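Protein chains in written order, with numbering that gives the first Met the number 0: chain A, 0 to 211; chain B, 0 to 211. Just so you know, even glycine gets a beta-carbon here, dropped at the ideal spot from N, CA and C. Computed from a predicted model, the values in this text were never measured in an experiment. Written out below as structure tokens is the structure these notes cover.
Number of protein chains: 2
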Amino acid sequence: MAENISSAVIGRLPRYYRYLGDLKEAGVVRISSQELSKKMNVTASQIRQDFNNFGGFGQQGYGYNVELLYNEIGKILGLDKNFNMIIIGAGNLGQAIANYKDFDRRGFKLVGIFDVNPKLEGLSIRDIPIMSIDKLESFIKEHNVHIAALTIPKLHAPAIAKQLVDYGVKAIWNFAPVDLNLPEGFIVENVHLAESLMQLSYALTASERDSN
Amino acid sequence: MAENISSAVIGRLPRYYRYLGDLKEAGVVRISSQELSKKMNVTASQIRQDFNNFGGFGQQGYGYNVELLYNEIGKILGLDKNFNMIIIGAGNLGQAIANYKDFDRRGFKLVGIFDVNPKLEGLSIRDIPIMSIDKLESFIKEHNVHIAALTIPKLHAPAIAKQLVDYGVKAIWNFAPVDLNLPEGFIVENVHLAESLMQLSYALTASERDSN
DNA sequence: TAGATTGTTAATCGATTAACAATC
DNA sequence: TAGATTGTTAATCGATTAACAATC
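Set out below in structure tokens:
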């Protein structure tokens, strides 16, 4: 069905999903691409093009059924499935992610947390045990781990990432400020906080320049 | 000098900056666009085009001086300046950000942390006091706060964001899963973790589909 | 049926890549 | 000078927007 959709389109789906979820919550039953375009500040044309990448979900003269569209986009994003997730690195960021109950609700089930620090072993976050990194291999091979969130320092991230691939993890959610260079086709989604802050810094700097 | 550079270009600058920093660390003095293109997995043409948006930093027949280029990109990104930053919301994510010493090093100085929870008042993270949200207005007006990192739940984020704008903050680094809809031209940089995870989920789902 | 709005094709715009003259 | 590599123009590619026929 959906082969080779551009990443520009995929990048917009979660935002559509969020708006449609809000509309559903608010009890809105139908919406036209034009109404949605006003709310979201994008063109109606883009909305229709985006949805039509996956086969039309609307109806001429009517628009889109909010709940149906919400569910369909959820399916496209795989939110109707359950994925087992582990977190590597129980530092501040790892703990923050471990505490996000929303991820669980959306089908991302946290099944384990790993850290190199032996002092943390035996502790747990939301009943998920923190384990020694030594147990990583056996744990992954025993459990069906789809996603590993990598919240460890830059230095060790590439080596650990390689292990994760070898042990059979399917995707890495990478928070380390480094490119992991994994085998062709392996799924990596990067969250580079420092880069985000630099873009903000650029905007601040540029706006100061302009006002002179 | 640099007016209206596309956000595609700006989005790539921090990555260039990271690679050039690593090269500098490694003692590399010069690099050609072609060598850099191999390392970074982008075209040499794009590298040269990107840099030439800001005036050429290279030299024909030689390439680019690593340290000079690193410093120039740093200046473009505003990393030669100092910005005062506050964090609104001392939950897990707020604490994680507060503990990032790297941001301080790059000129983002954390000057205050705010939370609605009165129990946290009086505590501090890395010697930065956690204050009641009641003190937000006076604090911002007394200190020169450039950036506010917003790490609070979705529900209250838009209202707090509005206040931040009114009180004179220059930019918001928004971690709440909501669009803030602030006045035209006000700087917002979003980090939507849930959306990032959904894109990863899409990739996982699509790869399963393909392998069937 | 008439009106509304989609799905889809065509036109435009912008970003990326290729090519090469300029020049170190 | 000859070789290398940039800076920059031109060609290509892809994404966005506009337009409209199909259809509910």
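Cα-Cα separation between residue i and residue j, rounded to whole angstroms
{"i": "M84(A)", "j": "Q94(A)", "result": "14 Å"}
{"i": "A43(A)", "j": "A7(A)", "result": "16 Å"}
{"i": "V144(B)", "j": "E207(B)", "result": "47 Å"}
{"i": "S210(B)", "j": "L196(B)", "result": "21 Å"}
{"i": "I124(B)", "j": "L68(A)", "result": "44 Å"}
{"i": "A147(A)", "j": "K140(A)", "result": "13 Å"}
{"i": "V168(B)", "j": "E136(B)", "result": "10 Å"}
{"i": "G26(A)", "j": "K37(B)", "result": "52 Å"}
{"i": "K100(B)", "j": "E34(A)", "result": "44 Å"}
{"i": "A1(B)", "j": "L179(B)", "result": "Confidence in A1(B) is poor, its pLDDT being 44 and thus under 50, which makes the residue's placement unreliable; the coordinate value appears in the next sentence. If you take the alpha carbons of A1(B) and L179(B), they lie about 27 Å apart."}
{"i": "L122(A)", "j": "I132(A)", "result": "14 Å"}
{"i": "E183(A)", "j": "E24(B)", "result": "28 Å"}
{"i": "E120(B)", "j": "L119(A)", "result": "27 Å"}
{"i": "A202(A)", "j": "Q45(B)", "result": "22 Å"}
{"i": "N116(A)", "j": "M130(A)", "result": "9 Å"}
{"i": "E194(B)", "j": "F138(B)", "result": "33 Å"}
Residues that residue i bridges to, as DSSP identifies them
{"i": "L109(A)", "result": "M84(A)"}
{"i": "L149(B)", "result": "I87(B), N173(B)"}
{"i": "M130(A)", "result": "F113(A)"}
{"i": "S123(B)", "result": "P128(B)"}
{"i": "I186(B)", "result": "A170(B)"}
Selection from the options that minimises the alpha carbon distance to residue i
{"i": "A160(B)", "options": "H145(B), L199(B), L181(B)", "result": "L181(B)"}
{"i": "F82(A)", "options": "S31(A), D103(A), L68(A), I46(A)", "result": "D103(A)"}
{"i": "K134(A)", "options": "I124(A), Y63(A), L163(A), T150(A)", "result": "L163(A)"}
{"i": "F185(A)", "options": "D165(A), P176(A), P152(A), N3(A)", "result": "D165(A)"}
{"i": "Y63(B)", "options": "L109(B), I132(B), Y15(B)", "result": "Y15(B)"}
{"i": "N51(A)", "options": "I30(A), I4(A), K140(A), S36(A)", "result": "I4(A)"}
{"i": "E61(B)", "options": "D21(B), D114(B), K169(B), V28(B)", "result": "What sits at residue 61(B) in the sequence shown is Tyr, not Glu. If we check each option's Cα against that of Y61(B), V28(B) comes out closest."}
{"i": "F56(B)", "options": "I72(B), F113(B), Q45(B)", "result": "I72(B)"}
{"i": "Q59(A)", "options": "Y69(A), A193(A), R47(A), G90(A)", "result": "R47(A)"}
{"i": "K108(B)", "options": "N91(B), I96(B), L119(B), D114(B)", "result": "I96(B)"}
{"i": "I75(B)", "options": "S32(B), L19(B), F53(B), G121(B)", "result": "F53(B)"}
{"i": "T204(A)", "options": "F138(B), V115(B), K100(B), A170(B)", "result": "A170(B)"}
{"i": "D49(A)", "options": "N189(A), N70(A), I112(A), L12(A)", "result": "L12(A)"}
{"i": "W172(A)", "options": "L192(B), E34(B), E183(B)", "result": "L192(B)"}
{"i": "G20(B)", "options": "D79(B), E66(B), E34(B)", "result": "E66(B)"}
{"i": "K80(B)", "options": "R105(B), G88(B), A89(B), Y99(B)", "result": "R105(B)"}
{"i": "N189(A)", "options": "V168(A), L149(A), E183(A), Q33(A)", "result": "L149(A)"}
{"i": "N40(A)", "options": "L179(A), K23(A), Y18(A)", "result": "Y18(A)"}
{"i": "N70(B)", "options": "L179(B), L22(B), M130(B)", "result": "L22(B)"}
{"i": "H142(A)", "options": "E183(A), S131(A), N116(A), V110(A)", "result": "V110(A)"}
Supposed contact pair residue j and residue i - C-beta distance, whole angstroms, cut 8 Å
{"i": "I86(B)", "j": "Q198(A)", "result": "Between Q198(A) and I86(B) the Cβ distance is about 18 Å, and since that is not below 8 Å, they are no contact."}
{"i": "S153(A)", "j": "V177(A)", "result": "In the sequence as presented, Ser is not what sits at residue 153(A); that position holds Lys. Indeed they touch by this definition, with Cβ atoms about 5 Å apart."}
{"i": "A158(A)", "j": "A175(A)", "result": "Not a contact, Cβ separation roughly 11 Å."}
{"i": "I151(B)", "j": "P128(B)", "result": "Actually they do not touch by this definition, with Cβ atoms about 18 Å apart."}
{"i": "L78(B)", "j": "S31(A)", "result": "Incorrect: roughly 45 Å between the Cβ atoms, too far for contact."}
{"i": "N98(A)", "j": "N91(B)", "result": "5 Å"}
{"i": "D126(A)", "j": "A89(A)", "result": "With a Cβ gap of about 14 Å, D126(A) and A89(A) do not count as contacting."}
TODO: Any chance you could list the alpha helix (DSSP H) runs of at least 4 consecutive residues sitting entirely within the stretch 59–83 of chain B, in chain order?
DONE: Here the runs fully enclosed are 65–75.
Task: Completely contained alpha helix (DSSP H) runs for the stretch 18–66 of chain B, where each covers 4 or more residues - done: Taking only runs of at least 4 residues, the alpha helix (DSSP H) segments lying wholly in the stretch 18–66 of chain B are 32–39, 43–51.
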